[in-house]
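**Q**
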Amino acid sequence: MAVHSLGELLRYAQPKLQAGNYVFVTLPEWPELPPTDVLMSFREREGITFILEQSIADKHDLVYEYVAAWITMEVNSALDAVGFTAAFAQALTEHSIGCNVVAAFHHDHLFVGRADGKRAVEILQKLTG
Numbered sequence: 015m016a017v018h019s020l021g022e023l024l025r026y027a028q029p030k031l032q033a034g035n036y037v038f039v040t041l042p043e044w045p046e047l048p049p050t051d052v053l054m055s056f057r058e059r060e061g062i063t064f065i066l067e068q069s070i071a072d073k074h075d076l077v078y079e080y081v082a083a084w085i086t087m088e089v090n091s092a093l094d095a096v097g098f099t100a101a102f103a104q105a106l107t108e109h110s111i112g113c114n115v116v117a118a119f120h121h122d123h124l125f126v127g128r129a130d131g132k133r134a135v136e137i138l139q140k141l142t143g
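Under the working numbering, think of the first position of the sequence shown as 15, with each following residue one higher.
#1: Take Val81 and list the residues in its own chain whose beta-carbon comes closer than 8 Å to its own, dropping the five residues that flank it on each side.
#2: Cα separation between Val116 and Leu124?
#3: If contacts are defined as beta-carbon pairs under 8 Å, then Thr99 and Asp130 qualify, I think. What distance do you get, rounded to the angstrom?
#4: Run through DSSP, which three-state label would Val135 get?
#5: Is Pro48 near the ligand HEM, in the sense that its beta carbon is under 6 Å from a heavy atom of that ligand?
#6: Assuming Leu66 and Phe102 make a contact with CB atoms under 8 Å, what is their CB distance in whole Å?
#7: Starting from Glu22, trace the alpha helix (DSSP H) in both directions and tell me its first and last residue.
#8: Measure the C-alpha to C-alpha separation of Gly21 and Leu93 and round it to an integer number of angstroms.
#9: So which of Ile62, Val89 and Glu136 has the shortest CA-CA distance to Pro42?
#10: If you reduce the DSSP assignment to three classes, tell me which class Asp122 lands in.
#11: Considering only C-alpha positions, which residue in the set His120, Val96, His74 and Pro29 is nearest to Lys132?
#12: Cβ of Ala27 within 7 Å of Cβ of Val89?
#13: Could you tell me which residues DSSP puts in a beta bridge with Thr40?
#14: Which same chain residues, not among the five before or five after Gly112, have their C-beta less than 7 Å away from its C-beta?
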């Protein structure tokens, strides 16, 4: 069951650093990629944004500017929960770590600069511990 309470979200967040390197790519149309190779896609007015493993982007010669680490907040967060994103964004901001957030149905996923991945998890664990 999805958690709504900010206190419970923070208590049970369990930030987990996923293996690998991830990139954001934008293209005007869906590329010659199997949907299973795409971690996330989102259509914007300017084009379609994709989050991919860096190796997949490289294999298809796709251009990217940012290499990220992927952190999953393991708590099953409600889509209408209030304050969770703000809490972890503020904690990372205090340590000068930028964060791109994807809220999926079950979990929140954070993408931080590759070099900041382990440090970001440590900061989030202190916030949630």
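By construction, the Cβ of each residue, glycine as well, lies at the ideal position given by its N, Cα and C atoms.
Note that the structure is a prediction, hence the values are computed from the model and not measured.
**A** Concretely, from the data shown:
#1: Asn35, Tyr36, Val37, Gln68, Gly127 and Arg128
#2: 6 Å
#3: Not a contact, Cβ separation roughly 18 Å.
#4: helix
#5: Judged by which ligands are present, the structure shown has none, so any question about the ligand HEM falls away.
#6: Not really, about 23 Å apart at Cβ, beyond 8 Å.
#7: Leu20 to Arg25
#8: 16 Å
#9: Ile62
#10: strand
#11: Pro29
#12: yes
#13: Thr63
#14: Val126 and Gly127
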